[in-house]
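Residue numbers for the sequence shown follow the working numbering, so the first one is 2 and each next one is one higher. These notes concern the structure reproduced below.
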Amino acid sequence: MSAGQRQRAYNRMRHRKRMKVLFYIIAFLAVIVTAVILCFVFVFRIQSVVVDGKSRYPTGQIMSVSGVKKGQNLFSVDTSSAAKKVGSACPYLTEVSVNRRLPCKVVISVKEGTPSGSVQWNGKYIMMDHTGRVMEVLSSKPSSVPVVKGLEINSAQVGGSAVFKDSQKSGLYQQVAKAISDNSFANVTVIDVSDMYDLSVTCRTTTGKSLQIKLGNSTYLGKKFRFAKATMAQHLSGEAGVFNVSSVSKEKSITWFTPASVASSASAASSASSSSASSKSTSSKENSSSVSKSEGEDSSGSGE
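As structure tokens, then:
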């Protein structure tokens with residue numbers, strides 16, 4: 002056999018070996034792919050869907066709106082889409098997550114929130130959380146949710162975010178509502194964001210008195226609410242009037258309280274002075290001066 006023939010025979014043998022190795026590799030990959038497909042089809046079928054967390058919505062309703070069903074392949078579930086479906090259909094759920102649990106379980110975790118404020122709109126009341134998400138629409142004024150003053154709505158849809166006429170005021174509402182929630186400030190009846198430099202909330206004390214908390218601007222809201230909460234518990238539980246914490250800041254905590262009787266007298270004096278301003282009478286000026294003195298005597302300052 003010539004050298005050329007021997008080389009060709011050698012090349013044919015190497016080629017057959019390579020083809021045999023390639024065949025085994027392809028066969029092995031085919032077996033692996035088939036096994037994976039069979040696992041996905043038969044092994045990872047959803048056998049149970051569980052709702053974790055308490056809410057007003059029945060478990061069956063949450064499972065139904067999620068779109069997740071038993072027998073479905075576990076890895077074919079779009080967890081993000083399922084969570085959004087639940088959140089839209091169940092607006093009181095402020096936190097929703099859908100997670101796979103190997104080998105054959107899906108867990109829907111939910112957390113129910115509470116409305117932070119209500120705004121009158123088209124003869125109805127829009128109930129929303131601190132982010133502006135609409136949780137419910139009522140035909141009458143709710144008794145257990147603060148009424149928000151100074152906030153106007155353009156449009157609202159349950160399960161979605163309300164569209165506000167003034168984004169700056171809606172932002173202030175969100176800040177105040179979040180500070181109320183973060184500091185567990187209870188029994189709030191009114192949130193007023195009409196003036197960005199004169200924010201306030203009105204609440205009921207433990208004895209049922211009405212107390213207005215003057216916050217000033219939106220800086221240090223957390224500290225202002227903590228200070229107001231502590232002072233109310235110690236000194237103002239039986240008082241009605243105005244508690245001003247607008248001067249509470251990082252460095253200082255100066256506050257003062259004006260009883261309801263003094264605040265009413267000051268308001269009446271201011272009204273009387275305004276109506277008789279054209280006469281410029283001496284007696285009117287003396288009356289205004291005496292009211293200011295009374296306010297000074299009844300007000301008190303305190304530091305943190």
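Here a beta-carbon is modelled for each residue, glycine too, at the ideal position from N, C-alpha and C.
| query | According to the Cβ coordinates, are His131 and Ser145 closer than 8 Å? | reply | As a first step, residue 131 must be located in the sequence shown, where it is residue number 130. As a first step, residue 145 must be located in the sequence shown, where it is residue number 144. Against a cut-off of 8 Å, the Cβ pair of Ser145 and His131 comes out as no contact.
| query | Hey, how far is the Cα of Asn218 from the Cα of Ala178? | reply | For this step, residue 218 is matched to residue 217 along the sequence shown. For this step, residue 178 is matched to residue 177 along the sequence shown. In this model, Asn218 and Ala178 are separated by some 14 Å (Cα to Cα).
| query | DSSP state of Val249, grouped into three classes? | reply | For this step, residue 249 is matched to residue 248 along the sequence shown. Residue state, collapsed to three classes: coil.
| query | According to the Cβ coordinates, are Lys225 and Leu216 closer than 8 Å? | reply | Residue 225 sits at position 224 when you count from the first residue of the sequence shown. Residue 216 sits at position 215 when you count from the first residue of the sequence shown. Against a cut-off of 8 Å, the Cβ pair of Leu216 and Lys225 comes out as a contact.
| Start and end of the beta strand (DSSP E) containing Ser193? | Locating residue 193 in the sequence shown gives position 192, where the first residue counts as 1. In the sequence on display, residue 193 carries Asp and not Ser. It spans Val189 to Asp193 - the beta strand (DSSP E) in which Asp193 sits, taken as one unbroken run.
| query | Going straight from the alpha carbon of Ala270 to that of Met136, what length do you get? | reply | Here residue 270 refers to the residue found at position 269 when the sequence shown is read from its first residue. Here residue 136 refers to the residue found at position 135 when the sequence shown is read from its first residue. Only weak support is given to the placement of Ala270: the predicted model assigns it a pLDDT of 49, under 50, and the value that follows is read from those uncertain coordinates. Rounded to whole angstroms, Ala270 to Met136 spans 43 Å at the Cα level.
| query | For Leu212 versus Leu237, is the C-beta spacing smaller than 8 Å? | reply | Residue 212 sits at position 211 when you count from the first residue of the sequence shown. Residue 237 sits at position 236 when you count from the first residue of the sequence shown. The answer is yes: Cβ separation under 8 Å.
| Per DSSP, Asp167 is paired with what? | Along the sequence shown, one-based indexing puts residue 167 at 166. In DSSP, Asp167 forms no bridge with anything.
| message | Could you check whether the stretch 156 to 172 touches the stretch 68 to 87, counting it as contact only if at least three pairs of C-beta atoms, one from each stretch, sit closer than 8 Å? | response | no
| query | What residues are listed by DSSP as bridge partners for Met129? | reply | Along the sequence shown, read from residue 1 onward, the residue named residue 129 stands at position 128. Answer is Gly118 and Val135, bridged to Met129.
| task | Between the Cα of Arg134 and those of Gln121, Gly68 and Gly88, spot the shortest distance and give me the residue it belongs to. | result | As a position in the sequence shown, residue 134 is number 133, starting the count at 1. Out of Gln121, Gly68 and Gly88, Gly88 has the C-alpha closest to the C-alpha of Arg134.
| query | How far does the alpha helix (DSSP H) with Ser80 in it reach, from first residue to last? | reply | One-based indexing of the sequence shown puts residue 80 at position 79. Correcting the residue type first, residue 80 is Thr in the shown sequence and not Ser. Segment Thr80 to Ala90, the alpha helix (DSSP H) holding Thr80.
| Sequence ranges, beta strand (DSSP E) only - wholly within the stretch 8 to 68, length at least 3 | Unbroken beta strand (DSSP E) runs of no fewer than 3 residues, entirely contained in the stretch 8 to 68, are found at 49 to 53, following chain order.
| By the 10 Å Cβ neighbour count, where 16 or more other Cβ atoms means buried, how is Asp193 classified, buried or exposed? | Numbered from its first residue, the sequence shown carries residue 193 at position 192. With 16 or more other Cβ atoms within 10 Å, it is buried.
| Would you report the Cα separation of Phe24 and Arg13, rounded to the nearest angstrom? | Along the sequence shown, read from residue 1 onward, the residue named residue 24 stands at position 23. Along the sequence shown, read from residue 1 onward, the residue named residue 13 stands at position 12. Taking the straight line joining both Cα atoms gives about 16 Å.
| query | Do you know offhand how far Ser284's Cα is from Gly239's? | reply | Translated into positions along the sequence shown, residue 284 becomes position 283. Translated into positions along the sequence shown, residue 239 becomes position 238. Confidence at Ser284 is low in this model, with a pLDDT of 34, below 50, so its placement is unreliable and no value can be given for it.
| Residue(s) in a DSSP beta bridge with Thr220 | In the sequence shown, residue 220 corresponds to position 219, counting from 1. Thr220 is not bridged to any residue.
| On the three-state DSSP scale, how would you describe Gln213? | Residue numbering aside, residue 213 sits at position 212 when the sequence shown is read from its first letter. It is a strand residue.
| field | Straight-line gap, Val321 to Lys112 (C-alpha atoms, nearest Å) | value | Because the chain spans 2 through 305 in this model, residue 321 falls outside it and cannot be assessed.
| message | So, with DSSP's three-state summary, where would you put Leu237? | response | One-based indexing of the sequence shown puts residue 237 at position 236. If DSSP states are grouped into helix, strand and coil, Leu237 belongs with the helices.
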